[in-house]
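Here my numbering is used: position 176 in the sequence shown is 180, and no number is missing along the way.
The structure appears right after this line, and notes come after that.
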Amino acid sequence: MGKRSGKRVGTGAGKRVSLVLGSGGARGLAHIGVIQCLEEQGYRIESIAGASMGALVGGIHAAGELAAYRDWVCALSRTDVLRFLDFAFAVGGLFKGDRIMDTLRDMVGEHAIEDLPIAYTAVATDIDRQREVWISRGPLFDAIRASIAVPTVFTPHRYLGLTLVDGGLLNPVPIAPTFRDRTDLTIAVNLNGGDRAPRGPERGHDRDTAATPKDDLVSRIRQFLDGIGENLMPSGPADLGVFELVSRSIETMQNAITAVKLAAYAPDLVIEVPRDACGAHEFYRAREVIELGYRLAGESLGSFRDSDRSV
């Protein structure tokens with residue numbers, strides 16, 4: 005039987021929240037909508053624990069700059085996203101990640117985690133000692149960069165003498181860092197939900213939706229990424245490209261770990277974002293994914309309140 009957070013309270017009690025933001029690539033943009041919905045309904049986020057994209061969105065929110073990040077990411081087109089891919093030309097990963105980190109630093113500013121107005125923990129993975137690492141002190145963007153270092157995509161991040169990669173490898177929904185929080189509720193956002201999401205037209209970037217030379221550029225870059233590993237596996241009509249295969253393999257592993265974590269450390273509320281809401285790289289669909297997170301949070305909070313009233 006799962007161990008609950010022990011914080012669940014009736015509808016008349018306070019609304020101080022420990023928020024757990026899971027990993028899942030571009031689906032992590034749904035975290036923005038979740039946070040917006042929570043705040044509009046009067047919940048006070050006093051603690052955030054995040055892995056990978058959850059660490060990025062959570063850290064920016066803790067620094068008070070989520071609105072600026074939301075406006076920026078919603079303006080990105082397909083080719084804008086590609087501009088931030090700085091090739092590493094190294095064996096540790098395809099991209100260095102310096103370009104996107106520098107952009108976010110300019111937007112958010114430098115912050116020490118211990119000085120943030122919201123308690124914050126980023127989860128990374130120590131690849132040498134094969135264990136998760138909780139980063140709750142030091143420079144915010146060192147914590148974020150370590151937590152988002154998806155293997156083969158971004159190079160590992162060297163920090164505190166450790167070689168750190170994506171926190172989602174070992175803890176895709178990091179609930180445990182919130183156990184000592186003195187809040188009323190623990191709410192977790194799982195980006196690997198099983199229910200299918202209705203997929204309408206991509207909005208917000210109509211200039212990119214028709215077939216254009218930009219689409220051809222995107223296609224060629226994807227072919228290049230897949231072609232990097234074409235000699236590493238047999239070819240055939242049913243084969244996945246290496247980039248897609250790595251992404252799906254990590255996702256499959258994270259799904260299994262998430263199920264175990266949620267069963268062992270059940271929070272008061274889990275907001276499930278379908279894993280087919282968007283591809284891991286589809287950051288140009290930000291507006292659509294943010295709206296989905298907002299809607300799912302509203303529905304989940306409504307059901308949660310209804311269940312409290314029935315007790």
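C-beta atoms are modelled at their ideal positions from N, C-alpha and C, and glycine is treated no differently.
Around the beta carbon of E118, a 10 Å sphere encloses fewer than 16 other beta carbons of the protein chains shown; the residue is thus reported as exposed.
At the C-beta level, V177 and K265 come within 8 Å of one another. The bridge partners DSSP lists for D106 come to none. Distance check between L144 and each of T156, E136, V127 places V127 closest, using alpha-carbon atoms only. Rounded to the nearest angstrom, the Cβ distance from L195 to R31 is 4 Å, consistent with a contact under 8 Å.
Note: R135 is bridge-paired with D130 in the DSSP secondary-structure output.
Take the alpha-carbon of I139 and the one of I148: they are about 9 Å apart. Membership of T83 in the alpha helix (DSSP H) is indicated by the continuous run 82–86. Contact between A290 and L80 holds: their C-beta atoms lie close to 6 Å from each other, under 8 Å. The beta carbons of G37 and H285 sit about 19 Å from each other, so the pair does not count as a contact at 8 Å. Between V77 and L33, the C-beta gap is smaller than 8 Å, which places the two residues in contact.
Collapsing the DSSP output to three states places V77 in a helix. Per DSSP, the beta-bridge partners of V274 are A192.
Taking a C-beta distance under 8 Å as the contact criterion, S304 and D185 do not qualify as a contact pair. When secondary structure is reduced to three states using DSSP, I36 falls in the helix class. Contact between the stretch 92–111 and the stretch 293–312 is absent: fewer than three C-beta pairs spanning the two stretches fall below 8 Å.
Here DSSP, grouped into helix, strand and coil, assigns H161 to strand. Under the criterion of beta carbons closer than 8 Å, I152 and A59 qualify as touching, at roughly 7 Å. A distance below 6 Å between beta-carbons, with the five flanking residues on each side excluded, links I131 to the following residues of its chain, in chain order: T167, V169. Taken atom to atom, the span from the alpha-carbon of R309 to that of L23 is near 17 Å.
Beta-carbon to beta-carbon, P181 and T125 are separated by about 4 Å, close enough to satisfy the 8 Å threshold. Counting along the chain, V61 sits inside the alpha helix (DSSP H) bounded by residues 57–66. Setting aside the 5 residues that flank it on each side, F287 is surrounded in the same chain by A30, L33, V77, L80, V85, each with a C-beta closer than 8 Å to its C-beta; the list follows chain order.
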